[in-house]
Amino acid sequence: MIAMESQYRLMYRLGLTPWDQDTIPTELTQMIEGAGAQPPGLALDIGCGTGRHADYMASRGWHVTAFDVSSRAIEEARRRRADIDWHAVGLGAPSLDPVLGRLAGRVTLVLDIGCLHGLDTRGRAAWASTVNRVAAPGARLLLRAAPSRGTGFITPRGIDPAEVSALLGPEWSRAGHPSHQWDVHVRSILGAPPFRC
Ligand SMILES: C[S@@+](CC[C@H](N)C(=O)[O-])C[C@H]1O[C@@H](n2cnc3c(N)ncnc32)[C@H](O)[C@@H]1O
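In this note's numbering, the protein residues as written are -16 to 180.
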């Protein structure tokens, strides 16, 4: 996990961030404003980068918590919008624990646009435990992940839908596949952990 995290930190420092576009993907706008959109609630953006997706969700009434391992990216995100709970921290870090504790079982939308597919095995386990800890019964996960493509040296190693499902566990089902690399998973209303304030 450290190697990929360091690569991302370096890329933000050098301004080499080709993923950091101005547009909001239609897969996200559909989920927030399209037919069958959920009412605004709590959202978590994992690996939020400079925060434009979190910003967009907050502008549509969502209460967003967002974190990224790059402090440079989070500095920029904070300048973008003050009413989002931003955290410059990586998955699995102890300082993320109280944040996740406050969200436990309450988040109705989890967003991961391009973070999971670059994580190593340990990072993926931390990702799954984060998602399962915060997600409310019936929560949706919107994921953009490139398919599995090997070593993960320089480029993200990728992940296939079957591995995502295995990581999330049996309470989740793959509910949609809006386009190439995009998936929606939904947590069952039954069998989720008890709601905590
Ligand atoms: C491809 S970028 C996408 C950023 C953002 N979601 C976007 O679409 O603009 C992947 C992001 O994941 C972050 N990231 C990578 N590993 C991470 C980790 N272990 N914990 C938190 N963030 C991580 C990177 O710093 C980077 O901002």
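Think of the CB as a built atom: it goes at the ideal place given N, C-alpha and C, for glycine as much as any other residue.
Just so you know, these numbers come straight off a predicted model, no measurement behind them.
- In the DSSP assignment, tryptophan 69 falls within the unbroken beta strand (DSSP E) covering 68 to 71.
- DSSP places threonine 9 inside the alpha helix (DSSP H), whose first and last residues are 9 to 16.
- Fewer than three Cβ pairs drawn from the region -6 to 9 and the region 70 to 87 lie within less than 8 Å of each other, which leaves the two stretches out of contact.
- In this structure, the C-beta of glycine 97 approaches ligand 1 to less than 6 Å from one of its heavy atoms.
- Inclusion of valine 52 in the 6 Å shell around ligand 1 follows from its C-beta lying nearer than that to a non-hydrogen atom of the ligand.
- In this structure, the alpha-carbon of arginine 116 lies about 10 Å from that of alanine 109.
- Alanine 20 has its Cβ no nearer than 6 Å to any heavy atom of ligand 1.
- If you look at isoleucine 96, you'll find it in the beta strand (DSSP E) that goes 90 to 96.
- With fewer than 16 neighbouring CB atoms inside 10 Å of its own CB, serine -11 falls in the exposed class.
- By the criterion of at least three beta-carbon pairs nearer than 8 Å, the region 83 to 94 is not in contact with the region 55 to 65.
- Straight-line measurement puts the Cα of isoleucine 29 at about 7 Å from the Cα of aspartate 51.
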